[in-house]
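A short worksheet on the structure shown next.
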Amino acid sequence: MEFNEALNISPTVKKKLGSANKSVRQHIKKLCAEKRYPFKRFKVQGSKQLGTLIRKYGEESDIDIGVYFYPKPDILPRSLMAAMHTIFVNGHQSRTQPEHKKKCIRIPYAGKFHIDLPIYYLESSRGRGKSFLATKNGWVKSDPREFEDWFNEKGGNDKEQLVRLVRYLKAWCHHIADDRRVPQGVALTTMAGTFYRPMLRDDQALLHILKGISRKLSREWSCKMPVLPKDELLHKFSVSDRAYFMQQIKLFITDAESAVKMRSVERASTIWRSYLGRYFEKSN
0 MEFNEALNIS PTVKKKLGSA NKSVRQHIKK LCAEKRYPFK RFKVQGSKQL
50 GTLIRKYGEE SDIDIGVYFY PKPDILPRSL MAAMHTIFVN GHQSRTQPEH
100 KKKCIRIPYA GKFHIDLPIY YLESSRGRGK SFLATKNGWV KSDPREFEDW
150 FNEKGGNDKE QLVRLVRYLK AWCHHIADDR RVPQGVALTT MAGTFYRPML
200 RDDQALLHIL KGISRKLSRE WSCKMPVLPK DELLHKFSVS DRAYFMQQIK
250 LFITDAESAV KMRSVERAST IWRSYLGRYF EKSN
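Residue numbers (numbering that gives the first Met the number 0): 0 to 283.
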């Protein structure tokens, strides 16, 4: 529980995120007013919305802010993304410039955090499954609220435990990355939800999920979004990166099995610390 608290972003970064969030929204509203784009609303989504956001080494963090239009803009999605990208390139002070990615606009802030801006239009202002995501290849049916619903259903009455477990998994993957590609937030959240089983102890529940992930990826290297557009979340991994991750998770499982059986909290903590990283050290 102390480790979970230690994973919270610092007050300083939280304040900077809030300031950047406000500035981003002002820029977008101004653009939409000038271009007469049918802006509808903003919606914080992703790890911030689910409660699984964590601090990373160097205080690095990120949030996703959905930009919604209603009705459908009379402009191609690629052009809409380009217009939004341009306003941030022109007004950005960081040495690292905003990126026009395939499915969002990414705005970095001094290496400390970034804001991702996925863009949607709503078919209807009410109901789930009524939104379409702008991509470089066109509009794709996608509603992040459906993933939130799926995650909440998987957590059930023990959702807070599932949230903590996702945070532990993200901290572990960040700790072992070492310039290697490892599963990122949405993939870890999906796999955690898939294999989650409520338990009295978080360490036992984490071990259960690790075993489920290992079995699944040993049979088939695949993790698809459980809701539309059901993207494959692990498609960019090289053969060597796959092998590295499978080696790491097997080592973790072996030592975690020992740790959950130990009577000595100190000895068990030493094991968990070696896998979960520096913020576990700060929590003990």
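Beta carbons are placed, not taken as given, at the ideal position from N, Cα and C, and that holds for glycine.
- Using a 10 angstroms sphere on the CB of T134, the tally of other CB atoms reaches 16 or more, which defines it as buried.
- Taking 8 Å as the cut-off, the beta carbon of A191 is found no closer than this to the beta carbon of C222.
- Here the C-alpha atom of V259 lies approximately 53 Å from the C-alpha atom of N89.
- Between E33 and D61, the alpha-carbon positions lie close to 28 Å from each other.
- DSSP, reduced to helix, strand and coil, places Q44 within a strand of the structure shown.
- Check the Cα spacing between D73 and each of F38, K47 and P10: the tightest is with F38.
- Here the alpha carbons of K14 and P97 stand approximately 21 Å from one another.
- Beta-bridge analysis with DSSP links L132 to Y119 and V139.
- Scanning the segment 11-90 from its first residue to its last, the whole alpha helix (DSSP H) runs of 4-plus residues come out as 46-49 and 76-90.
- One thing to note: I175 has its Cβ no nearer than 8 Å to the Cβ of F194.
- Put simply, the segment 20-29 does not touch the segment 138-148. Fewer than three CB pairs are less than 8 Å apart.
- If you draw a 10 Å sphere on the C-beta of H234, you find fewer than 16 other C-beta atoms in it, and that means exposed.
- Shown here, R144 sits in a helix according to DSSP, grouped into three states.
- At a Cβ-Cβ threshold of 8 Å, D254 and Y274 count as neighbours.
- Counting along the chain, I270 sits inside the alpha helix (DSSP H) bounded by residues V264 to L275.
- The shortest CA-to-CA distance from W149 to any of D157, A81, V226 and H113 is the one to V226.
- Per DSSP, the unbroken alpha helix (DSSP H) holding R241 starts and ends at V238 to K260.
- With 16 or more neighbouring CB atoms inside 10 Å of its own CB, V165 falls in the buried class.
- Short of 7 Å from the beta carbon of S46, and not among the five residues preceding or following it, lie these beta carbons of its own chain, in chain order: L52 and G184.
- With a cut-off of 8 Å on Cβ pairs, the segment 241-252 is in contact with the segment 201-221, counting three or more such pairs.
- DSSP places K235 outside both helix and strand once states are collapsed to three, so it counts as coil.
- Boundaries of the beta strand (DSSP E) around R105: I104 to Y108.
- The C-alpha of Q44 lies about 30 Å from the C-alpha of R272.
- For L187, the enclosing alpha helix (DSSP H) covers residues G184 to F194.
- Under DSSP, E98 shares a beta bridge with R105.
- Looking at the DSSP output, K223 shares a beta bridge with E231.
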